[in-house]
Amino acid sequence: MSRYHEAFRQADEHPELFWAEQVRRLPWYTPPTQILTYDDQQHARWFSDGEINICYAALDYHVEQGRADQPAIYWDSPVTHAKRTLTYRQLRDQVAHFAGALAIMGVKKGDRVVIYMPMIPEALVAMYACARLGAIHSVVFGGFAPHELAMRIDDAEPKVVVTASCGIEVENVIPYKPIVDQALALSTHQPQACVVYQRSIHPATLAEGDYDWDAVIASAPFAECVPVKSTDPLYILYTSGTTGKPKGVVRDTGGYAVALAYSMEAIYAVAPGEVFFTASDVGWVVGHSYIVYAPLLRGCTSVMYEGKPVNTPDAGSFWRLIEEYKVKSFFTAPTAFRAIKKADPAAELLAKYDISSLRYLYVAGERLDPPTFHWLDDLLDVPVIDHWWQTETGWPIAANQPGLEDMPIKAGSATFPVPGFNVQVLGRDGEQAAPMEQGSVVIKQPMPPGCLIGIWRDPQRFHSAYMAAFPGYYLTGDGGYFDESGYLFIMGRTDDVINVAGHRLSTGEMEEVVGAHPAVAECAVIGIHDMLKGQVPIGLVIPKDGFDGDEVTLENELIARVRDTIGPIACFKQVLVVNRLPKTRSGKILRKLLRNIADGKAFGIPSTIDDPTSLNDVHTAMCERAVGSADKAAPLG
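Written out as structure tokens, the structure reads:
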């Protein structure tokens, strides 16, 4: 039996023994003896009698073990032309003093702190400072509108808000302090203090109740780590919900730390002292797990990047970072590489850099479409690993796992489930789907360590959203299938499956076909309402930079490709060429929003949208072509 299959079997058949072994990766104040227990609703709780502090395990412990002078963080900010290196000792000391400042403000174990900051080391310092005290941090993506920030403040009820004077984008500066002030004016709950890190490019005016970051650290004592129970919350991270109220995903401390430490070895194949680079933001789960916590738990160096994949200054930014910091494993979202491919289709900028340190490239956040996979696979001499996970799980559900065993890669597949995740595909009535048969992707309980333990202050919502649809299983909300070899293919959210004249078809499959055209940089396929067939698909495509062909010819070629590959049953007869697609700041295409525009339904501008003006492009194109009911919809502002 292979190393992977043996690990998976042990985790599935003997979860307590398997995870008891992984506990030894970390320093505990009180090592757990109760490995797996259950709450009143039979949801798993891990290491319930153990005591730990994740800040100690990630910082102080490594200082004590001889890594004090090793870089913990490389901060690289092309938008400000600045760089910084923080060693483990330097980071530990900054964290300890900021924790001391928070303690003076009254923050203690169990209190909440909302962090609203750009991609600067101080955001990481604030997160670890909360963990050091046993406080619960809730990071809100910097740039969210005041209303969205206010909702999170009212839900989390923080004792302190931590922010910076501004965030910096490619072409503009975003003042953060006025956003915080407006949010607090909208909030029912009022924190006791607001700490502001002043950036020289745009300092903020402080008022009563505001405190300057540098001033409070200068006078603060060195705070020691506070032991917490493994099951105590580490953070609340808000994700989108169907009710309009954000869902506060609650993560525990010990289970999360164990899962992250295991993943760094088994999945990401990095050893202590090596460099790990995740191109994300600390406001997202990827940033929490694989910029902030996991690399330092492993004793690695984490690259923190305040920039874009393109335009800071060009599409060679990632290659430059890999060369400069000798990155071994690199992780980003597929949309980043689609942007790079659009700007530099032949990857001419790659030739400028020596990326021989790179051993593995990982992508997640949305499905890695086969055309982008093949572009990367042809370009690089390292495995291109598509892996799949969610905000709720906190770490990968399925992946190629080179730390256990290098497995053959299949384009479009996240390979095999990670040990601890018993992934299954179920039909509408809960029956097991046959190989190659699509259905709802679920995870059999118990969920492994590291996954969400609830929704903040809403246990019923946790159960109804994730556990009620298929009793005994966690509902991922994604659709997919296993092939005959056991490879898992995630085809997108289950609401991206459309019903065309009674035939259930995956828009993800159509996107594969459309995206494979050599002129297409990026695409989305959505289902829109049709009086006769119920739904029909429509494609929206962004051509590669430099495309000078005829748009009508391109549209006809794409329609023919889908017809030839999937068949006339798909009824794929409409393609629109657009300049931009509406996306979240983490790079996911807002397909539901696109459907609402096409169907003439009312919709709001989501708080997570990266560029609201992108809606104008799509809306105009749909109206001009009288797509669906879009021509009847009210004009966008």
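In my numbering, the protein residues as written are 16 to 652. Even glycine gets a Cβ: it sits at the ideal position worked out from N, Cα and C.
query: Coarse secondary structure for V528, derived from DSSP in three states; result: helix
query: Where E407 falls, given that 16 or more other Cβ within 10 Å makes a residue buried; result: buried
query: Rounded Cβ spacing between A531 and K559 (contact assumed at less than 8 Å); result: Actually they are not in contact, since the Cβ atoms of A531 and K559 sit about 13 Å apart, beyond 8 Å.
query: Cβ-based burial, F665 [other Cβ within 10 Å; buried from 16]; result: Residue coverage of the chain in this structure runs from 16 to 652, which leaves residue 665 outside it and unanswerable.
query: Pair within 7 Å by beta-carbon distance, A116 and I69; result: no
query: P190 versus W403, P133 and Y143, residue with shortest Cα-Cα distance; result: P133
query: Beta-carbon proximity list for T258, same chain, < 7 Å, skipping 5 on both sides; result: Confidence is the limiting factor: at T258 the pLDDT is only 48, short of 50, which leaves the residue's position unreliable and the question unanswerable from this model.
query: Buried versus exposed call for G224 [16 or more other C-beta atoms within 10 Å across all chains shown]; result: exposed
query: Reduced DSSP secondary structure (H/G/I, E/B, other) of F618; result: coil
query: Top-ranked residue by Cα proximity to K124, from D55, G602, H152 and I355; result: H152
query: Identity of the residue in T268, F156, C209 and W403 nearest E222 by Cα; result: The sequence shown places Ala at residue 222, rather than the Glu named in the question. Measuring from the Cα of A222, the nearest candidate turns out to be C209.
query: According to DSSP, residues forming a beta bridge with N437; result: K459
query: Length-filtered (4 minimum) alpha helix (DSSP H) runs lying within the stretch 230-275; result: none
query: Chain-order list of residues whose beta-carbon lies under 6 Å from that of N326 (same chain, five-residue window excluded); result: V185
query: Inter-stretch contact at 8 Å, needing at least 3 Cβ pairs: the stretch 104-113 / the stretch 32-41; result: no
query: The alpha helix (DSSP H) enclosing T623, as first and last residue numbers; result: Unbroken run through T623: none, as it is neither H nor E.
query: Option nearest D229 by Cα separation, candidates P261, K244, V177 and P161; result: V177
query: Limits of the unbroken beta strand (DSSP E) element including W61; result: A59 to W61
query: Spatial neighbours of I194 in its chain, beta-carbon cut-off 7 Å, leaving aside the 5 residues before and after; result: P161 and L164
query: Element boundaries [alpha helix (DSSP H), containing L573]; result: E566 to T580
query: Boundaries (first-last residue) of the beta strand (DSSP E) holding D401; result: V399 to D401
query: Proximity below 7 Å, CB of W390 to CB of Y368; result: no
query: Beta-ladder partner(s) of E420, from DSSP; result: Q416
query: Candidates E66, Y250, Y89 and S202: closest to I130 by CA position; result: Y250
query: Identity of the residue in G81, Y340 and A276 nearest P310 by Cα; result: A276
query: Where H152 falls: helix, strand or coil (DSSP); result: strand
query: Test item: CB-CB of G494 and R266 under 7 Å; result: no
query: Close-in-space but distant-in-sequence residues of the same chain around I470 (CB under 8 Å, 5 per side omitted); result: K262, G263, V264, V265, R476, F477 and A480
query: Identity of the residue in R578, A534 and P552 nearest F562 by Cα; result: A534
query: Classification of P583 by the beta-carbon crowding that lies within 10 angstroms, buried from 16 upward; result: exposed
query: Every unbroken alpha helix (DSSP H) within the stretch 122-208, with a cutoff of 4 residues, ordered by chain; result: 136-148, 161-171 and 192-201
query: Short Cβ contact (7 Å threshold) for A272 with L41; result: yes
query: Nearest-angstrom Cβ-Cβ length linking C181 and R214, presumed shorter than 8 Å; result: 5 Å
query: For I216 and V188, believed in contact at Cβ under 8 Å, the rounded distance; result: 6 Å
query: Whole-angstrom distance between S629 and L651, CA atom to CA atom; result: With a pLDDT of 43 at L651, under the threshold of 50, the predicted position of this residue should be treated as unreliable, though the coordinate-derived value follows. Taking the straight line from one Cα to the other gives about 11 Å.
query: Rounded C-alpha distance that separates D359 from H58; result: 48 Å
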